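All remarks here apply to the structure that follows.
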Amino acid sequence: MVNLTIDGKQITVSKTATIYEAAVEAGIKIPVLCYAKKLLPYGACRVCLVEVEQMKGRLIPSCTTPVTEGMVVTSISDEIRKVRKTVLEFLLVNHVIECPVCDKGGECDLQDLTYELGVNSNRFEGEKFNLPTDEVNPLIERNMNRCVLCGKCARVCDEIVGYGSYSFINRGFETKIATAFDRGLDCEFCGQCVSMCPVGAILPRPFKFKARPWQLREVDSVCGYCGNGCTVTFGVLNDKVETIRYNDKNGVNDGNLCVRGRFGYSFINSGDRLTKPLVKKGEQLVEVEWDEALKAVADGLKKAQAENGVGILSGARLTNEEFYLLKNLAKLIGTGNLDHSGGECYKGVTEGLLATLGICSSTGTFPQVEQADVVLSIRSDFYETHPVFGMVVNQTVKRNKAELFIVGDKNGKFGKLPGARTLLHKPGLEVNVLNSMSQVLIEDGLAVTEGVEGVDALKKSLAAYTPEKVEATTGVSAEEIRVAARALAGAKQSAILLAYGLPYTAQSKEIAIAAANLAILSGNIGKGESGLYLCGEKANSQGAIDCGVLPSAGGMGAQQMLEAAGQGKLSALYVVGEDPMTSFPDRSKVEKALMTADFVVVQDLFLSPTAELADVVLPAASFAEKNGTFTNAERRIQRVRPGVPSPGEAKTDYDILTLLAARLGEKVNFTGPAALFAALADEAGYTGIDYEKIGPQGIVWGGETVTVKKKMLVFVDGAKPIAGDFLLLTGSALYHSGTMSTRATGPQAVVSEAYVEFNFEDAKGLQIVDESVVSIKADGIELKLKAKVGKRLPKGVLFAPYHFSEARINSLYKGEAAISVQVSK
Amino acid sequence: MSEAVEKVEEQEIDLGPANLILDKFVNMQGALMPALQAIQESYGYIPEPTVHLTAERLNVYASQIYGVLTFYAQFHLEPRGKYIVRVCMGTACHVKGAARIADVIKNQLGVGHAETTDDLKFTAEYVACIGACGMAPVIMVNNDTFGSLTVQKVEEVIAKYRNMD
Numbered sequence: 066m067v068n069l070t071i072d073g074k075q076i077t078v079s080k081t082a083t084i085y086e087a088a089v090e091a092g093i094k095i096p097v098l099c100y101a102k103k104l105l106p107y108g109a110c111r112v113c114l115v116e117v118e119q120m121k122g123r124l125i126p127s128c129t130t131p132v133t134e135g136m137v138v139t140s141i142s143d144e145i146r147k148v149r150k151t152v153l154e155f156l157l158v159n160h161v162i163e164c165p166v167c168d169k170g171g172e173c174d175l176q177d178l179t180y181e182l183g184v185n186s187n188r189f190e191g192e193k194f195n196l197p198t199d200e201v202n203p204l205i206e207r208n209m210n211r212c213v214l215c216g217k218c219a220r221v222c223d224e225i226v227g228y229g230s231y232s233f234i235n236r237g238f239e240t241k242i243a244t245a246f247d248r249g250l251d252c253e254f255c256g257q258c259v260s261m262c263p264v265g266a267i268l269p270r271p272f273k274f275k276a277r278p279w280q281l282r283e284v285d286s287v288c289g290y291c292g293n294g295c296t297v298t299f300g301v302l303n304d305k306v307e308t309i310r311y312n313d314k315n316g317v318n319d320g321n322l323c324v325r326g327r328f329g330y331s332f333i334n335s336g337d338r339l340t341k342p343l344v345k346k347g348e349q350l351v352e353v354e355w356d357e358a359l360k361a362v363a364d365g366l367k368k369a370q371a372e373n374g375v376g377i378l379s380g381a382r383l384t385n386e387e388f389y390l391l392k393n394l395a396k397l398i399g400t401g402n403l404d405h406s407g408g409e410c411y412k413g414v415t416e417g418l419l420a421t422l423g424i425c426s427s428t429g430t431f432p433q434v435e436q437a438d439v440v441l442s443i444r445s446d447f448y449e450t451h452p453v454f455g456m457v458v459n460q461t462v463k464r465n466k467a468e469l470f471i472v473g474d475k476n477g478k479f480g481k482l483p484g485a486r487t488l489l490h491k492p493g494l495e496v497n498v499l500n501s502m503s504q505v506l507i508e509d510g511l512a513v514t515e516g517v518e519g520v521d522a523l524k525k526s527l528a529a530y531t532p533e534k535v536e537a538t539t540g541v542s543a544e545e546i547r548v549a550a551r552a553l554a555g556a557k558q559s560a561i562l563l564a565y566g567l568p569y570t571a572q573s574k575e576i577a578i579a580a581a582n583l584a585i586l587s588g589n590i591g592k593g594e595s596g597l598y599l600c601g602e603k604a605n606s607q608g609a610i611d612c613g614v615l616p617s618a619g620g621m622g623a624q625q626m627l628e629a630a631g632q633g634k635l636s637a638l639y640v641v642g643e644d645p646m647t648s649f650p651d652r653s654k655v656e657k658a659l660m661t662a663d664f665v666v667v668q669d670l671f672l673s674p675t676a677e678l679a680d681v682v683l684p685a686a687s688f689a690e691k692n693g694t695f696t697n698a699e700r701r702i703q704r705v706r707p708g709v710p711s712p713g714e715a716k717t718d719y720d721i722l723t724l725l726a727a728r729l730g731e732k733v734n735f736t737g738p739a740a741l742f743a744a745l746a747d748e749a750g751y752t753g754i755d756y757e758k759i760g761p762q763g764i765v766w767g768g769e770t771v772t773v774k775k776k777m778l779v780f781v782d783g784a785k786p787i788a789g790d791f792l793l794l795t796g797s798a799l800y801h802s803g804t805m806s807t808r809a810t811g812p813q814a815v816v817s818e819a820y821v822e823f824n825f826e827d828a829k830g831l832q833i834v835d836e837s838v839v840s841i842k843a844d845g846i847e848l849k850l851k852a853k854v855g856k857r858l859p860k861g862v863l864f865a866p867y868h869f870s871e872a873r874i875n876s877l878y879k880g881e882a883a884i885s886v887q888v889s890k
Numbered sequence: 003m004s005e006a007v008e009k010v011e012e013q014e015i016d017l018g019p020a021n022l023i024l025d026k027f028v029n030m031q032g033a034l035m036p037a038l039q040a041i042q043e044s045y046g047y048i049p050e051p052t053v054h055l056t057a058e059r060l061n062v063y064a065s066q067i068y069g070v071l072t073f074y075a076q077f078h079l080e081p082r083g084k085y086i087v088r089v090c091m092g093t094a095c096h097v098k099g100a101a102r103i104a105d106v107i108k109n110q111l112g113v114g115h116a117e118t119t120d121d122l123k124f125t126a127e128y129v130a131c132i133g134a135c136g137m138a139p140v141i142m143v144n145n146d147t148f149g150s151l152t153v154q155k156v157e158e159v160i161a162k163y164r165n166m167d
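Residue numbers (this note's numbering), protein chains in the order written: chain A, 66 to 890; chain F, 3 to 167.
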């Protein structure tokens, strides 16, 4: 610790702090433009100049100067004020004054400083630039005439996002921020630059001329897309979410968001939202009153239960409280057939981790990953499934120089990080590679075996997984496998990451077990803040598991339910917050089940392809209209707060489930989510957590690092390479999440339709270019998709995202790791 | 942004030489400048596809490379002529009529400062001083210097290079 004095105030701060940080800690305000807490110090704007007794003769930039013992700082004096004013005069020479029509007006740092320092005239004159505005993309507008060259956009894009869209170009007065070759912005559109810009140079286009910042009511909630659980702050005007506000004070994301979080809110306001219940009369779904719809559902479910039974399929975007009510409803109906998210993809957590570690969750928290020195990412490029967690890994690698290994079937953004090594394997062979890494640890005597069960059995079984043998099957070099395994064992603190979700159902349990084995043997489990992270695809995937939205003993899982319904052995299906027709593997199986079942209820925001096949459709509320809690992929329970009312007569799942329970004969009398949370706490493992005390950072159940119940090595056999000239993978595209994002204008504006991605060499051979329509055939089913050509995929591998219903990817995809397809132009 | 809307023309460039050059610089610290210089040496300028190739192979953002290329006067993003005609515009040459020399060159070649003839044979550049004030007015063509010029002499110099390959 270092002692210093600022404006006569004695302060003790960490020796790594800068003068600016020390001042912030002491509550002394120093103005800044180019400084941001999450970026490295830069010192471009010279607004934060202060006097330091020991460095007399010039003013010192407080944001880049580290504190020293005994330093005496003056943060404001006549001279400092004069110099700051001059700095602003210089900035205002070039900056166009168009505040009345600038969306930043009211929250512009330059405007505020100019006002604060009373810069009401300018002694200097100069040319204003007349650069064209970049309006090429639909989400981010750049007006470089307003730029003050603080470099925050370029820095955030590099340091945190790892994309590198911007750089300073040219020299001297001509200097400006631009993309490569000064073209329109063409990037991931996460909008981090929008959130960082201190002036109106980079603005969100969907928010243009919608409201002045002071008119907006701010409501903190949690993003409804992926399991990252980022805090989103709605900017609400007239009961409409107009924008997502920057907020770096709450939650796990430091104000970082991805394209879905920042621009994906618009589905809330979509005109396609269901506003009235629908009941099938004849062949038509017709609008009815709630009373009639609820009666139809209650009667239908009762009748069905008396016949062949009811199955309940849930999505993973309900709140914990709603999950509890859903489970309660299942009990009330008397069915054990309850499941979520297709029933396969989460088995790595509920079965894999249970078998090996005795727990059903990730072991650590996201902030711990930042301190890791070795990171192993399996299967998914986290930038696609959990983009903001991807940004954490990015910083771990770039700032803290962690070693990063990726076991994957395609290249991704992670692979471009400095020093990252991708263990690129043939599709479907993750387990083989992980097994081989475990084998290396045992063979080299690096394995941690104290207190571990099943060592000898695993050792024997892994004999077939020497790196050389695995190299022959997977294509990953033996040397790489050895290097990765040894690095993991030698780590002071490691993180092993694995994402799961509907498009990644193949071998979910096996991969998790192989990863857990590796985590145990490498000492990842039980070593300080090391952690094994299994991250669910949806906002409340972990909550669904915690709350037990799973088949009860003797009950059917999702896939069995669909099979049974298809064979007429299940009379009713109740689908809540999911569009299985699009998102589940094997569309024909889903379709058959929905067509064959006597009674189908769908509770959703939109008339999805699934809802179209229903007998009753109940209009539900979006996450922005709900009150309750989500549990994210690191077990953090966070408050979801309603920003806007639901459109028309749509109701929250909470209300619908309560009303339905009443119809089925049980008055569920909870006074609200808080009471419900108290009721579910013990069952979900949230004991001792008070709903009212869940603060801005949420509460992590089980502590920062979960104590595992056991360390049991379980052998799982790898897979055989899938034969075929072209193997089709499915998965998440960065811009989308599930099927909901296809209703949001933001993500849709960037990726509006399905595509199939090719390696450029394959494309050349097939004479395919971007936008060519190609035919993909398997099992006699043909899909026509637009092609996208790139360098991400290995030769012979294709990729198609699963979000788009009309593309019918799941008519080919039946849950396998990769599908052998024929491709023609 | 007008430039942005324009469809980016697909440039047919043989990336073979660039790849060979970059082989030497992969995984080397501070390799960007020498790599770009070598590429310019080989192609005569920095074609756009080589920027993207360099970005990929050296793991540097294309935007950053563009920043470097536009910062330094030594890099050229457009094809340049085989013969670079540097017209000295320094004080001594100015007094001795450099403007007229530049005019003659413009008349003869049809190109002004930083412009290149369509046949990619000549690029004209007006420079501040080439340090040969005793020979004013002076021009350089690649590494050869021609001093004490008159209109006629300039025409002869241009003709000489025009007749060369």
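The beta-carbon is built from N, C-alpha and C at its ideal position, and this holds for glycine as well.
These numbers come from a predicted model, not from an experiment.
Return the CA-CA distance between A/F189 and A/L268, expressed in angstroms with no decimal places.
One C-alpha to the other measures close to 28 Å.
Determine the closest residue to A/R808 out of A/V353, A/Y411, A/C167 and A/I333, with distance taken between C-alpha atoms.
A/I333
Would you mind stating whether A/M418 and A/C410 have Cβ atoms separated by less than 7 Å?
The question names Met, yet the displayed sequence has Leu at residue 418 of chain A. No, the pair does not count as a contact, with Cβ atoms beyond the cut-off.
Check for me: the beta strand (DSSP E) holding F/Y128 runs from which residue to which?
If you look at F/Y128, you'll find it in the beta strand (DSSP E) that goes F124 to V129.
Mapping the DSSP letters down to three states, classify A/G760 as helix, strand or coil.
DSSP places A/G760 in the coil class of the three-state scheme, outside both helix and strand.
With F/A33 and F/K98 assumed to form a contact (beta carbons below 8 Å), what rounded beta-carbon distance in angstroms separates them?
So it is not a contact: roughly 44 Å between Cβ atoms.
What number of angstroms, rounded off, separates the C-alpha of A/R395 from the C-alpha of A/V375?
The sequence shown places Ala at residue 395 of chain A, not Arg. The alpha-carbon atoms of A/A395 and A/V375 are separated by roughly 9 Å.
Classify A/K273: buried if its beta carbon has 16 or more other beta carbons within 10 angstroms, exposed otherwise.
exposed
Counting Cβ pairs closer than 8 Å, one from the stretch 649-656 of chain A and one from the stretch 625-637 of chain A, do we hit at least three?
yes
Only counting the same chain, and skipping five residues up and downstream in sequence, which positions put a Cβ closer than 7 Å to that of A/A266?
R207, N208, M209, R211 and C212
Let me check understanding here. Comparing Cα to Cα, which of A/S445, A/E836 and A/L741 lies closest to A/N476?
Looking at the Cα atoms, A/S445 is the closest of the given residues.
Check the DSSP bridge columns for A/S885 and list the partner residues they point to.
Paired residue(s): A/L792.
Please classify A/A537: is it buried, with 16 or more other beta-carbons within 10 angstroms of its beta-carbon, or exposed?
Counting Cβ neighbours within 10 Å, A/A537 comes out exposed, since fewer than 16 surround it.
Alpha carbon to alpha carbon, how far is F/A37 from F/P19? Give it in angstroms, no decimals.
12 Å
Is the stretch 818-837 of chain A touching the stretch 850-862 of chain A in the sense that three or more CB pairs, one from each, lie closer than 8 Å?
yes
If distances are taken between C-alpha atoms only, which option among A/P568, A/Q436, A/F454 and A/D747 comes closest to A/A467?
A/Q436
Would you kindly check if the distance between the Cβ of A/G227 and the Cβ of A/N459 is under 7 Å?
yes
Restricting to Cα atoms, I'd like to know which of A/E881, A/F864 and A/G855 is closest to F/E58.
A/G855
If you drop the 5 nearest sequence neighbours on each side, which residues of the same chain put their C-beta closer than 6 Å to that of F/L151?
I103 and P139
How far does the beta strand (DSSP E) with A/D669 in it reach, from first residue to last?
F664 to D669
Identify whether A/D782 lies in helix, strand or coil by the three-state DSSP scheme.
coil
Could you list which residues in chain A have their beta carbon closer than 7 Å to that of F/A64, in chain order?
A245
So the beta strand (DSSP E) A/L469 belongs to, where does it begin and stop?
E468 to G473
Against F/V129, what residues of chain A qualify as contacts under a CB-to-CB distance less than 7 Å, listed in chain order?
Residues of chain A passing the Cβ test: none, with the nearest at roughly 17 Å.
Determine the extent of the alpha helix (DSSP H) in which A/V520 is found, giving its start and end residues.
Note, A/V520: alpha helix (DSSP H), V520 to S526.
Would you mind reading off the limits of the beta strand (DSSP E) that contains A/P684?
Taken as a continuous stretch (DSSP letters only), the beta strand (DSSP E) holding A/P684 covers V681 to P684.
Could you give the C-beta distance for A/E494 and A/A784, rounded to a whole number, given that I count them as a contact under 8 Å?
Looking at the sequence itself, residue 494 of chain A is Leu, so the reference to Glu does not match. About 6 Å; that satisfies the 8 Å criterion.
Looking at the structure shown, is A/D644 part of a helix, part of a strand, or coil, going by DSSP?
coil
Using Cβ-Cβ distances below 9 Å, what residues of the stretch 214-239 of chain A are close to chain F?
Answer in chain order: A219, C222, D223, Y228, G229, S230, Y231, S232, F233, I234, N235, R236 and E239.
To the nearest angstrom, how far is the alpha carbon of A/T531 from that of A/E449?
31 Å
From A/C688 to A/R857, what does the alpha carbon distance come to, in whole angstroms?
Per the sequence shown, the amino acid found at residue 688 of chain A is Phe instead of Cys. Straight-line Cα distance between these residues: approximately 34 Å.
Count the other CB atoms within 10 Å of the CB of A/F238; is the residue buried (16 or more) or exposed (fewer)?
exposed
Looking at chain C, is there any beta carbon in it that lies within less than 7 Å of the beta carbon of F/F73?
Reference to chain C is not applicable here, since the protein chains of this structure are A and F.
Leaving out five residues on either side along the sequence, give the residues of the same chain with a beta carbon under 8 Å from the beta carbon of F/E5.
In this prediction, F/E5 scores a pLDDT of 39, lower than 50, which makes its location untrustworthy; no coordinate-derived value is stated.
If I'm right that A/V306 touches A/G693 with Cβ under 8 Å, what's the distance once you round it to whole angstroms?
With 8 Å as the limit, A/V306 and A/G693 do not qualify as a contact, their Cβ atoms being about 18 Å apart.
When the Cα atoms are used, what is the spatial distance from A/R123 to A/L69?
The straight-line gap from Cα to Cα measures roughly 19 Å.
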